[in-house]
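Be aware that the sequence shown starts at 2, since it is given in this note's numbering, and climbs by one per residue.
Notes to accompany the following structure.
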Amino acid sequence: MAAKIINGTEISQQIRNEIKAEVVRLKNNHNLVPGLATVLLGDDPGSLSYVGGKEKAAVSLGIYSDRHDLPAGTSEAELLKLVDKLNHDPKIHGILVQLPLPKHIDENKVIYAIDPRKDVDGFHPVNVGKLMIGDPDFLPCTPAGIQQLLLRSGITIDGAEVVVLGRSNIVGKPITNILLQKKNGANATVTICHTGTRNVASHTRRADILIAAAGKPKSVTADMVKEGAVVIDVGTTRTGTTQEGKAILSGDVDFAAVKEKASAITPVPGGVGPMTITMLMLNTVKAAKLSRGLV
Ligand SMILES: NC(=O)c1ccc[n+]([C@@H]2O[C@H](COP(=O)([O-])OP(=O)(O)OC[C@H]3O[C@@H](n4cnc5c(N)ncnc54)[C@H](OP(=O)(O)O)[C@@H]3O)[C@@H](O)[C@H]2O)c1
């Protein structure tokens, strides 16, 4: 039987409705307006589109948006000065520096300079550490979105065998850390695979939940998937452009074949993608609440 398609656009909209209501409540009850600053260096079309999407989402949810588009040649010192200013700005609760940064800037230095209480990406070592010990303030957005997709689709994570393809700091490692916690909506047995893994398929075939975040188009084939598994495809590789100039995206999963074997699957686009910005908005609202001791 063909798999249930997990609709990320729909689930993302549900969460946005909840955020919108919470933003109204915070304004009415606490005179608090969550504020998000975005910082972009250069004019990479992908990054411009992400930052534009974040600004649009913030405005549509009643979140104050403060956008800083800087030239690609901005020095590290200038960028750090701006981060410091935003760290001290009471209207700003979340700071998002769009990655990747140009080569002349030390990315880690910039991430470490963001006040962890405003680190709504969840990339600062304080927040990475807090997630690891099971006491997170901010979950990184894409992994948080994956957990929500699973929970809101009624998929049991507790006790599941989860296999993650990819060990990056933005997807593979944090989703592993989220799902292995001894908590409701987690408590899974998680295996993480990478390019050093011998026989990746021997792991993926055991997975009740398979999360593909390798960035290798269509590399997860039906023979690698257990009958009835849940398959989450994080991959978004640009494989071309439409005549209208829109990017054509390919997931890591051979969707057409795997959907005949899985019990549930996310499409690309329309699966994990729409969740990421929504979770950033959720983190911004949480940062605002934390700033007033409202959590
Ligand atoms: N939808 C969204 O919002 C969203 C957000 C973030 C990322 N993404 C997409 O998700 C994908 C992964 O992103 P990323 O930033 O995590 O990528 P990344 O930093 O390039 O990491 C890729 C990881 O996959 C591993 N890998 C590569 N080939 C593999 C294979 N055949 N089997 C198992 N593991 C393999 C790599 O192993 P090594 O460590 O050994 O090199 C690495 O750990 C990309 O397509 C990206 O565009 C989507």
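Glycine is no exception: its CB is placed at the ideal position from the N, C-alpha and C atoms.
Please read these numbers as outputs of a predicted model, since none were measured by experiment.
Check                                                                                                                         : Outcome
Given 8 angstroms, three or more beta-carbon pairs between the segment 102–113 and the segment 131–151                        : no
C-beta atoms of V163 and L180 nearer than 8 angstroms                                                                         : yes
Three-state secondary structure (DSSP) of A248                                                                                : strand
D120 classed as buried or exposed, judged by whether at least 16 other C-beta atoms fall within 10 angstroms                  : buried
Local conformation of D45 per DSSP, three classes                                                                             : coil
Close Cβ partners of G173 (< 7 angstroms) along its chain, the five nearest in sequence each way excluded                     : V165, G167, I193 and A214
Alpha-carbon to alpha-carbon, R199 and L83                                                                                    : 45 angstroms
Alpha-carbon to alpha-carbon, L140 and Q148                                                                                   : 10 angstroms
Test item: CB-CB of T277 and G146 under 8 angstroms                                                                           : yes
Buried versus exposed, by CB contacts within 10 Å (16 or more), G274                                                          : buried
Nearest-angstrom Cα separation, counted from P91 out to S76                                                                   : 25 angstroms
Helix, strand or coil at V232 according to DSSP, with G and I counted as helix                                                : strand
Check whether G271 and G9 have beta carbons under 8 angstroms apart                                                           : yes
Whether A289 touches P35 by CB criterion (8 angstroms)                                                                        : yes
Reduced DSSP secondary structure (H/G/I, E/B, other) of A4                                                                    : coil
G216: CB within 7 angstroms of a non-hydrogen atom of ligand 1                                                                : yes
Proximal residues to N88 (C-beta, below 6 angstroms), its chain only, five neighbours per side dropped                        : D116
Buried versus exposed, by CB contacts within 10 Å (16 or more), T267                                                          : buried
Proximity test, H195 beta-carbon vs ligand 1 heavy atom, cut-off 7 angstroms                                                  : yes
Cβ neighbours of I156 in the same chain (closer than 8 angstroms, five flanking residues each side left out)                  : I210, V231 and A265
Own chain, CB closer than 6 angstroms to L303, minus 5 neighbours either side, in chain order                                 : Beyond the ends of the chain as shown, which are 2 and 296, falls residue 303; an answer cannot be given.
Residues of its chain near K287, where Cβ-Cβ distance is below 6 angstroms and the 5 sequence neighbours each way are ignored : none
Euclidean distance between Cα positions of I106 and N185                                                                      : 40 angstroms
Same chain, Cβ closer than 7 angstroms to Y51, neighbours up to 5 away in sequence not counted                                : Q99
Rounded straight-line distance, which links the Cα of P144 to that of E56                                                     : 21 angstroms
Presumed contact (8 angstroms Cβ cut-off) between T285 and H94, rounded CB distance                                           : 6 angstroms
Endpoints, beta strand (DSSP E) assigned at S169                                                                              : Neither: S169 is in no beta strand (DSSP E) and is coded neither H nor E.
Same chain, Cβ closer than 6 angstroms to S137, five either side skipped, listed in chain order                               : Checking the displayed sequence, the identity of residue 137 turns out to be Pro instead of Ser. So the qualifying residues of the chain are K131.
Contact set for S220: own chain, Cβ-Cβ below 6 angstroms, skip 5 residues either direction                                    : D253
Contact set for F256: own chain, Cβ-Cβ below 6 angstroms, skip 5 residues either direction                                    : none
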